[in-house]
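Asks: Below is the structure I would like to discuss, written out as structure tokens.
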Amino acid sequence: MSIYWVGDIQGCDAPLARLLGQVDFSPSRDTLFVLGDLVNRGPDSAGVLRRLMAFGGSVQCVLGNHDLHLLAVAAGAGRIKPMDTLDGILQAPDRSAMLDWLRHQRMAIWAHDVLMVHAGVLPSWTASQTLTLAAEVEQVLRGPELPAFLHQMYGNEPAAWQDDLTGMSRLRVIVNALTRLRFCSADGVMEFAAKEGANTAPAGFMPWFDVPGRQTAGLTVAFGHWSTLGKLDRPNVWALDTGCVWGGCLSAMRRDDQGQQTLLEVKCPPAQRPS
Numbered sequence: 000m001s002i003y004w005v006g007d008i009q010g011c012d013a014p015l016a017r018l019l020g021q022v023d024f025s026p027s028r029d030t031l032f033v034l035g036d037l038v039n040r041g042p043d044s045a046g047v048l049r050r051l052m053a054f055g056g057s058v059q060c061v062l063g064n065h066d067l068h069l070l071a072v073a074a075g076a077g078r079i080k081p082m083d084t085l086d087g088i089l090q091a092p093d094r095s096a097m098l099d100w101l102r103h104q105r106m107a108i109w110a111h112d113v114l115m116v117h118a119g120v121l122p123s124w125t126a127s128q129t130l131t132l133a134a135e136v137e138q139v140l141r142g143p144e145l146p147a148f149l150h151q152m153y154g155n156e157p158a159a160w161q162d163d164l165t166g167m168s169r170l171r172v173i174v175n176a177l178t179r180l181r182f183c184s185a186d187g188v189m190e191f192a193a194k195e196g197a198n199t200a201p202a203g204f205m206p207w208f209d210v211p212g213r214q215t216a217g218l219t220v221a222f223g224h225w226s227t228l229g230k231l232d233r234p235n236v237w238a239l240d241t242g243c244v245w246g247g248c249l250s251a252m253r254r255d256d257q258g259q260q261t262l263l264e265v266k267c268p269p270a271q272r273p274s
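Here the sequence shown stands for residues 0 to 274, numbered as in numbering that gives the first Met the number 0.
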């Protein structure tokens, strides 16, 4: 039995198939955690969703910003962007089944002593608080208020967490932290314009995992979202988005039944870098 954590797939079904074939993944024996951005920008988002859905309970996913964007577009709450490749899902005969499966995935997961999110965790949040706040969004995604939520989801404000936030302001901060965060200030103000490597932080900001006193610093956190970050030589910070859709690699961390951990990579076809 092995456990796998895989970074952003973004519609690249063929590399995912190669990775799973390379490790002889078996849904009856192994467990797969996907760290968000299952869809979009790659050539076969529908194939990715169908493959993961077929694995049943052996796969668990957190949602990324592209996954939420798909739900918004499908609900008429978001617009298709020039680089989007979502038509294969939106025009599919099994569209409803794929969208329903997607909205029942998680926003954060704690399992096997690993905290999993798509993008990041605000420095003031403990693991317990992160899961509780993620559950607030999960409840909306699965309920009748989903269309209203998706119509108000986009936006950068509020830029920081406060415990007394309510309504859509509260949900938007949670979503932005879990699915868009790269840089923030020491007191947790999020910055969304900078998208390059860790050494490109704007003045007054730093990578979220470098904030002094971060409440989750003593835990292992696995995340994706940051393809320009590069490899981190840090045993408790797993950055697993290595830019598959942009011609990099699809990366996964494997933990076998002896507890040994191995970083796996499958090279992906060259593609245009994000603008």
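The beta carbon of each residue, even a glycine, is placed where N, CA and C say it ideally should be.
1) Determine the burial state of Gln9: buried for a count of at least 16 other Cβ atoms within 10 Å of its Cβ, exposed for fewer.
2) Tell me the rounded alpha-carbon separation between Val139 and Ser168.
3) Could you tell me the alpha carbon to alpha carbon distance between Leu98 and Ala13, rounded to whole angstroms?
4) Would you call the region 99 to 108 and the region 211 to 218 in contact, with 3 or more CB pairs under 8 Å?
5) Measuring straight from C-alpha to C-alpha, what distance separates Leu121 and Thr131?
6) Going by C-alpha distance, which of Leu62, Arg49, Ala45 is nearest Phe222?
7) Skipping 5 residues on each side, what residues in its chain have a beta carbon closer than 6 Å to that of Arg17?
8) Please report the residue range of the beta strand (DSSP E) in which Thr131 lies.
9) Applying the criterion that 16 or more other CB atoms from any shown protein chain within 10 Å of the CB defines a buried residue, is His111 buried or exposed?
10) Would you mind giving the Cβ-Cβ distance between Val236 and Phe208, rounded to the nearest angstrom? I have them listed as a contact below 8 Å.
11) Hey, out of Arg179, Ser184, Gln21, Asp240, whose CA is closest to Asn155's CA?
12) Report the option in Asp162, Leu101, His150 whose CA atom is closest to the CA atom of Gln128.
13) Tell me the DSSP bridge mates of Cys183?
14) Quick one: residues in its chain with C-beta nearer than 7 Å to the C-beta of Ala185, no 5 flanking neighbours on either side, listed in chain order?
Replies: Let me lay it out:
1) Stepping through the sequence shown from its first residue, residue 9 is reached at position 10. Per the 10 Å Cβ criterion, buried.
2) Locating residue 139 in the sequence shown gives position 140, where the first residue counts as 1. Locating residue 168 in the sequence shown gives position 169, where the first residue counts as 1. Rounded to the nearest whole angstrom, the CA to CA distance from Val139 to Ser168 is 14 Å.
3) Stepping through the sequence shown from its first residue, residue 98 is reached at position 99. Stepping through the sequence shown from its first residue, residue 13 is reached at position 14. The alpha-carbon atoms of Leu98 and Ala13 are separated by roughly 21 Å.
4) no
5) For the purposes of this step, residue 121 is taken as the residue at position 122 of the sequence shown. For the purposes of this step, residue 131 is taken as the residue at position 132 of the sequence shown. When rounded, the distance between both Cα atoms is 13 Å.
6) Reading the sequence shown from its first residue, position 223 is the one you call residue 222. Taking only the C-alpha atoms, the option nearest Phe222 is Leu62.
7) Residue numbering aside, residue 17 sits at position 18 when the sequence shown is read from its first letter. Closer than 6 Å at the Cβ level, and outside the excluded window around Arg17, lie Val265.
8) In the sequence shown, counting from the first residue as 1, residue 131 sits at position 132. From DSSP, Thr131 is part of no beta strand (DSSP E) but of the alpha helix (DSSP H) over 126 to 140.
9) Here residue 111 corresponds to residue number 112 of the sequence shown, with the count starting at 1. So His111 counts as exposed.
10) Locating residue 236 in the sequence shown gives position 237, counting from the first residue. Locating residue 208 in the sequence shown gives position 209, counting from the first residue. Correct: roughly 5 Å between the Cβ atoms.
11) As a working mapping, residue 155 is identified with position 156 in the sequence shown. Checked all of Arg179, Ser184, Gln21, Asp240; the closest Cα to Asn155 is Arg179.
12) One-based indexing of the sequence shown puts residue 128 at position 129. Among Asp162, Leu101, His150, the Cα nearest to that of Gln128 belongs to Asp162.
13) Locating residue 183 in the sequence shown gives position 184, where the first residue counts as 1. In DSSP, Cys183 forms a bridge with Met189, Met205.
14) Within the sequence shown, the letter at position 186 stands for residue 185. In the same chain as Ala185, and ignoring 5 residues on each side of it, the C-beta atoms closer than 7 Å to its own belong to Val210, Pro211, in chain order.
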